[in-house]
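Protein chains in written order, with my numbering: chain A, 722 to 1064; chain B, 722 to 1064.
Contents: one structure, followed by commentary.
Protein chains: 2
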Amino acid sequence: MNIYKKIAVWTENNKVYMINQNKLPFEFEIFNSENYKETANAIKTMITRGAGSIGAAAAFAMMQAAMQAPKNIYNDFIFNAKQEIESTRPTARDLFAATERVYKAAQISAEKAVEEAHKVASEISEAGKKIGEFGNSLISQNSQILTHCNAGWLALVEHGSALAPIYEAFNSGKNIFVYADETRPRNQGARLTAWELNQAGVKHAIIPDNAAAFYMSLGKIEIVITGADRIAANGDTANKIGTLEKAIAAKEFGIPFYIAAPISTFDIKTKTGKDIIIEERSSDEVIYQTGIDENGNIQTLRIASPGSEALNPAFDVTPNKFITGFITEKGIFKPEELYKILK
Amino acid sequence: MNIYKKIAVWTENNKVYMINQNKLPFEFEIFNSENYKETANAIKTMITRGAGSIGAAAAFAMMQAAMQAPKNIYNDFIFNAKQEIESTRPTARDLFAATERVYKAAQISAEKAVEEAHKVASEISEAGKKIGEFGNSLISQNSQILTHCNAGWLALVEHGSALAPIYEAFNSGKNIFVYADETRPRNQGARLTAWELNQAGVKHAIIPDNAAAFYMSLGKIEIVITGADRIAANGDTANKIGTLEKAIAAKEFGIPFYIAAPISTFDIKTKTGKDIIIEERSSDEVIYQTGIDENGNIQTLRIASPGSEALNPAFDVTPNKFITGFITEKGIFKPEELYKILK
Chain A
722 MNIYKKIAVW TENNKVYMIN QNKLPFEFEI FNSENYKETA NAIKTMITRG
772 AGSIGAAAAF AMMQAAMQAP KNIYNDFIFN AKQEIESTRP TARDLFAATE
822 RVYKAAQISA EKAVEEAHKV ASEISEAGKK IGEFGNSLIS QNSQILTHCN
872 AGWLALVEHG SALAPIYEAF NSGKNIFVYA DETRPRNQGA RLTAWELNQA
922 GVKHAIIPDN AAAFYMSLGK IEIVITGADR IAANGDTANK IGTLEKAIAA
972 KEFGIPFYIA APISTFDIKT KTGKDIIIEE RSSDEVIYQT GIDENGNIQT
1022 LRIASPGSEA LNPAFDVTPN KFITGFITEK GIFKPEELYK ILK
Chain B
722 MNIYKKIAVW TENNKVYMIN QNKLPFEFEI FNSENYKETA NAIKTMITRG
772 AGSIGAAAAF AMMQAAMQAP KNIYNDFIFN AKQEIESTRP TARDLFAATE
822 RVYKAAQISA EKAVEEAHKV ASEISEAGKK IGEFGNSLIS QNSQILTHCN
872 AGWLALVEHG SALAPIYEAF NSGKNIFVYA DETRPRNQGA RLTAWELNQA
922 GVKHAIIPDN AAAFYMSLGK IEIVITGADR IAANGDTANK IGTLEKAIAA
972 KEFGIPFYIA APISTFDIKT KTGKDIIIEE RSSDEVIYQT GIDENGNIQT
1022 LRIASPGSEA LNPAFDVTPN KFITGFITEK GIFKPEELYK ILK
């Protein structure tokens, strides 16, 4: 069972495998896709999600496209596939970083695309390990840590981004407690972060997103760490909706606010957060809610008043002034130091 | 059908009637209680909720206690009933304001208690009407307004507190749009505010609580208005969990943040927000979610990862520095002007 390997996305014999994160934590199911269209659709429908896992899945999708491409229309086929893969989650920088690299390799040969796709995935995974080691230095003994959404190993192939320092701190014997924001509307905190932390044995509690500032105001949170979906050259960061609110509140209460992300999430071509496109998702994600009934069956209910619609922006942009630093595989950097790692 | 009257709590023949807000918006049911214990329990289980409606229900509960009290133990009975009613929702100032007034009247006679309870309820209702008129002056043509939780007529017997200015603006012909925070964990925004606005024909959208700062950052919100559960003498305000986050974000983006509440919600004996007791509610409210299935049946699902628990503080305290002003039945006052109305 892959669960023990703690790997979210992988490939074998040209098939792409992913833990189905739409079913977690209620069912553990491995999804597999035979071709790039299926893989792209799995990204779009969030069977896999999280910046790094999207990046790896996109790399594998691009690889599948190169493998599938009929010889007589090879170039057109891989070009169109790239467009299609990139249209799935417009905000995720890792997706574009991955397709660009694998597409370039695919222009040489399908074999090169395979090699590059594996390289993309393993680099993301290794970045997670390093992020954990660097980030651990920020976590004191007896720390209480707030995180938003899920930026664990599910979201970064392995290890995680925001959760990597938490796992490293825990494994090095520190006594820590994690406040996991529920992260409406898709509840990645309550479903995925809580599931990961529970598996790992890390002490934690789910809190309503509304309660983050409350616990900050009580002095119960020493540090906030979240992941990122796209980071502009100046450090403005797109991440799961609600990150901006937590960052503003953290600044108000003088609590350090860190973004943990591999270099592949940084986008030097995007100068500031104003240039980041924010994905709007379906109203239904807010209005309906999925869970398990008392018999353990997955069901979906309408939780909002019939007759009303919802707005559902998937991300927001946190300006660099609210960010204490970025935890990357190359070290920890303040927003104004990013030029050292971006070129 | 009481729905057309838009009254949330009332009394007839010593019975207390309330719209069952636990079933809204999926079922419209009138709950009635025969005695003070049932009424107190209805407050505790949130069959009625919202500062003003709690106040009216508590007044009627105290009235029922006086009516029920055996002559030979009258004083002990009404004293114990007061304690019991007050233990239901410790944060709600209106509850204590109501029990204190009706208890005092009950010490003279049960008849006086009846009279006073009716007076409490009608004063709350009249306050809502005035709050609407004063608050309307803050709402410009084409305004987009953010509100949190439900502070409509359901929450204040009639008219509402935070929604009263919105109804008044709408009825006076202004073109307005309301962003209704979903308000996890009990979803009073998605369930009750959306239901009220839909009934009234006011344009609105439900947003995840996480999205409030995002819309502020886009310049889409001109004013924030919420209700309150208890306001300290210095203006520090306890209101539904998440209010603090919205207030901090509003200040960051220079958006006026108003609290709409009747004078009965102000508590001159509580000097600052530090003295306000915050009610902790069950973990289950976060972990389970109620809604309707496709056949229209009310069901409850577990939405969080099995094995994890949640924390569920019902309120937070917003310091006065984040509050632009208080909309009351006596006019609009800045925090530093509250001495004019409190004595």
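Glycine is no exception: its CB is placed at the ideal position from the N, C-alpha and C atoms.
Pick from the options that is closest to residue i, judged by C-alpha positions
i	options	result
G873/B	Y888/B, N863/B, P1040/B and Q862/B	Y888/B
T760/B	I740/B, P746/B, V1038/B and N919/B	I740/B
S754/B	R770/B, S1029/B and N734/B	N734/B
I984/A	R912/A, A971/A and A953/A	A953/A
A848/A	A981/A, E750/A and T766/A	A981/A
A813/B	A779/B, Q828/B and Y824/B	A779/B
D988/A	E821/A, I799/A, Y936/A and P746/A	E821/A
L745/A	M788/A, Q909/A and D815/A	Q909/A
M937/B	F978/B, A959/B and T904/B	F978/B
K995/A	G1028/A, K972/A, R951/A and R1023/A	R951/A
T868/B	E879/B, D930/B and E854/B	D930/B
N762/A	V737/A, F749/A and E750/A	V737/A
T914/A	A934/A, G948/A, F800/A and A782/A	G948/A
T732/B	F747/B, M783/B and K765/B	M783/B
Q920/B	L875/B, A883/B and D902/B	L875/B
E854/B	A826/B, Y824/B and A890/B	A890/B
A819/A	I845/A, I829/A and G922/A	I845/A
N892/B	Y900/B, H880/B and E903/B	H880/B
V823/A	A885/A, E837/A, E832/A and V730/A	E837/A
Rounded C-alpha distance that separates residue i from residue j
i	j	result
A932/B	Y795/B	53 Å
I1013/A	Q1020/A	6 Å
P906/B	A968/A	21 Å
Y1060/A	N857/A	23 Å
I775/A	P811/A	11 Å
H839/A	A786/A	14 Å
P1056/A	A970/B	21 Å
A926/A	G963/B	17 Å
S808/A	E1000/A	11 Å
M722/B	S843/B	Note that M722/B has pLDDT 41, beneath the 50 cutoff, so the model's placement of it is unreliable and no number is given.
F1036/A	F974/B	18 Å
I768/A	F749/A	12 Å
D815/A	G773/A	6 Å
E1015/A	P1027/B	12 Å
E966/A	F935/B	8 Å
R1002/A	P1034/A	6 Å
I1074/B	A883/B	Since the first and last residues shown for chain B are 722 and 1064, residue 1074/B lies out of range.
Q865/A	L939/A	12 Å
Q709/A	Y1009/A	Examination of residue 709/A is not possible in this model, given that chain A is present from 722 through 1064 alone.
T986/A	L1063/B	54 Å
Residue i, buried or exposed, once every other Cβ within 10 Å from all chains shown has been counted against 16
i	result
K803/B	buried
F752/A	buried
D797/A	exposed
K961/B	buried
T1049/A	buried
L877/B	buried
G771/B	buried
T1039/A	buried
Q862/B	exposed
L1022/A	buried
N896/A	exposed
T766/B	exposed
G922/B	exposed
9 Å Cβ cut-off: residues of chain A touching residue i
i	result
H925/B	S1029 and E1030
N741/B	Result: empty, since nearest Cβ-Cβ is about 15 Å, beyond 9 Å.
Any C-beta of chain C under 8 Å from that of residue i
i	result
I969/B	Judged by its chain identifiers, the structure shown contains no chain C, and its protein chains are A and B.
Listed by chain order, chain A residues near residue i by CB distance under 7 Å
i	result
G963/B	N931
Chain B contact residues for residue i, given Cβ-Cβ distances below 8 Å
i	result
I1024/A	N908, A911, R912, Q1010, T1011 and G1012
S938/A	L965, D1037 and V1038
Q1020/A	D1014, Q1020 and L1022
Residue i Cβ short of 7 Å to the ligand MG heavy atom set
i	result
I1024/B	Ligands are entirely absent from the displayed structure, and the ligand MG is therefore not among its contents.
Within chain B, partners of residue i - CB distance below 7 Å
i	result
F935/A	I962, L965, P1034 and D1037
E973/A	I969
N919/A	S1026, G1028 and S1029
Proximal residues of chain A, C-beta to C-beta of residue i below 8 Å
i	result
V1007/B	E903, A911, I927, I928 and P929
Worksheet item: What are the complete alpha helix (DSSP H) segments, minimum 4 residues, inside the stretch 793-852 of chain A?
Response: Counting whole runs of 4 or more residues, the stretch 793-852 of chain A contains the alpha helix (DSSP H) stretches 795-807 and 814-829.
Worksheet entry | Length-filtered (4 minimum) alpha helix (DSSP H) runs lying within the stretch 895-969 of chain B | If we require 4 residues or more, the alpha helix (DSSP H) runs fully inside the stretch 895-969 of chain B come out as 915-921 and 933-938.
Discussion item. Quick check for students: name the residue ranges of the alpha helix (DSSP H) that lie wholly in the stretch 845-892 of chain B, counting only runs of 4 or more.
Written reply: The stretch 845-892 of chain B contains these whole alpha helix (DSSP H) runs: 884-892.
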